[in-house]
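K.L.:
Numbering (this note's numbering), first residue to last: 639 to 825.
Before I ask anything, here is the structure I am working with.
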């Protein structure tokens with residue numbers, strides 16, 4: 639075989655390898671965007687490069703795969719729905735306390751589902767763990783958490799607290815499986 643033929647074969651092989659790698663990267667990016675939604679864009683903004691952002695999201699997926707998560711059984715789901723209804727009713731009389739209760743209830747549901755809550759103050763880790771299956775409701779959770787922090791300082795208005803309750807409700811419903819074949823939304 640001539641050296642020209644060998645060079646052409648090497649070039650063709652390199653082009654094929656590059657094309658395969660490019661398609662694999664495109665598919666990985668597409669899958670991460672589909673799975674994480676807006677959280678993908680947030681990771682892009684927080685990381686120095688797309689590659690770093692995607693590695694970060696893949697690390698979340700690996701950590702998530704190691705969690706011992708489970709769905710709630712119907713009795714547990716009903717018990718939590720009743721607790722949510724009590725929290726909402728409590729809002730009328732004591733919105734500050736009801737907002738704290740909503741935060742605690744969401745945390746209990748997360749714990750019951752198997753999400754690790756070792757450090758109650760490690761909100762960022764909770765968000766990262768939730769992002770793999772509950773990316774669509776993370777902005778609700780972030781906003782509710784922010785308002786609850788303002789509430790803890792005694793600076794939240796009743797309207798802000800109402801908004802926090804609505805934001806907590808979005809994640810709460812998602813954690814219960816509502817909208818994914820679970821029970822219809824209550825309250």
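Note that CB positions come from ideal geometry on N, CA and C, so glycine has one too.
Using 8 Å as the cut-off, can you tell me whether the segment 742 to 755 makes contact with the segment 697 to 715, which would need three or more C-beta pairs spanning the two stretches below that distance?
P.N.:
yes
K.L.:
Just the Cα atoms here: how many angstroms apart are residue 711 and residue 656?
P.N.:
Reading the chain shown from its first residue, position 73 is the one you call residue 711. Reading the chain shown from its first residue, position 18 is the one you call residue 656. One C-alpha to the other measures close to 48 Å.
K.L.:
Indicate, with yes or no, if the ligand MN has a heavy atom lying under 7 Å from the CB of residue 677.
P.N.:
Inclusion of the ligand MN in the displayed structure is not the case, the ligand content being empty and no account of it being possible.
K.L.:
Using only the alpha-carbon positions, how far apart do residue 814 and residue 696 sit?
P.N.:
Position 176 of the chain shown holds residue 814. Position 58 of the chain shown holds residue 696. Between residue 814 and residue 696, the C-alpha separation is close to 25 Å.
K.L.:
Would you mind listing the beta strand (DSSP E) stretches within the segment 760 to 811 that are 3+ residues and don't spill past its ends, in chain order?
P.N.:
none
K.L.:
Residue 748 by DSSP, collapsed to three states: which one?
P.N.:
Numbered from its first residue, the chain shown carries residue 748 at position 110. Note: residue 748 maps to helix in three-state DSSP.
K.L.:
Could you spell out where the alpha helix (DSSP H) holding residue 706 opens and where it closes?
P.N.:
Residue 706 sits at position 68 when you count from the first residue of the chain shown. Boundaries for residue 706: no alpha helix (DSSP H) harbours it, and the DSSP string shows neither H nor E there.
K.L.:
My understanding is that residue 681 touches residue 691, with C-beta atoms under 8 Å, so please give their C-beta distance in whole angstroms.
P.N.:
As a first step, residue 681 is located in the chain shown; it is residue number 43 there, counting from the start. As a first step, residue 691 is located in the chain shown; it is residue number 53 there, counting from the start. That belief holds up - the Cβ atoms of residue 681 and residue 691 are roughly 4 Å apart, short of 8 Å.
K.L.:
Should residue 648 go down as buried or exposed, given a rule of 16 or more other Cβ atoms within 10 Å for buried?
P.N.:
Along the chain shown, read from residue 1 onward, the residue named residue 648 stands at position 10. Classification of residue 648: exposed, given that the 10 Å Cβ count is below 16.
K.L.:
How long is the line joining the alpha carbons of residue 698 and residue 800, rounded to whole angstroms?
P.N.:
Here the question's residue 698 lines up with position 60 in the chain shown. Here the question's residue 800 lines up with position 162 in the chain shown. Roughly 31 Å separates the two Cα atoms.
K.L.:
Note down the Cα distance separating residue 700 from residue 718, rounded to an integer number of angstroms.
P.N.:
For the purposes of this step, residue 700 is identified with residue 62 of the chain shown, where counting begins at 1. For the purposes of this step, residue 718 is identified with residue 80 of the chain shown, where counting begins at 1. Their Cα atoms are separated by approximately 29 Å.
K.L.:
Could you tell me how far apart the beta carbons of residue 808 and residue 783 are, in whole angstroms, since I believe they sit closer than 8 Å?
P.N.:
Numbered from 1 along the chain shown, position 170 holds the residue referred to as residue 808. Numbered from 1 along the chain shown, position 145 holds the residue referred to as residue 783. The pair is not a contact, with the Cβ atoms about 12 Å apart (cut-off 8 Å).
K.L.:
Touching or not, the segment 784 to 794 and the segment 733 to 741, by the rule of three or more beta carbon pairs under 8 Å?
P.N.:
yes
K.L.:
How about residue 811 and residue 674: are their beta carbons less than 8 Å apart?
P.N.:
For the purposes of this step, residue 811 is taken as residue 173 along the chain shown, with counting starting at 1. For the purposes of this step, residue 674 is taken as residue 36 along the chain shown, with counting starting at 1. Between residue 811 and residue 674, the gap from beta carbon to beta carbon reaches 8 Å or more.
K.L.:
Could you check which residue in 805, 770, 643 has the C-alpha nearest to that of residue 702?
P.N.:
Taking the chain shown and counting its residues from 1, one reaches residue 702 at position 64. Residue 770 is the option with its Cα nearest to residue 702.
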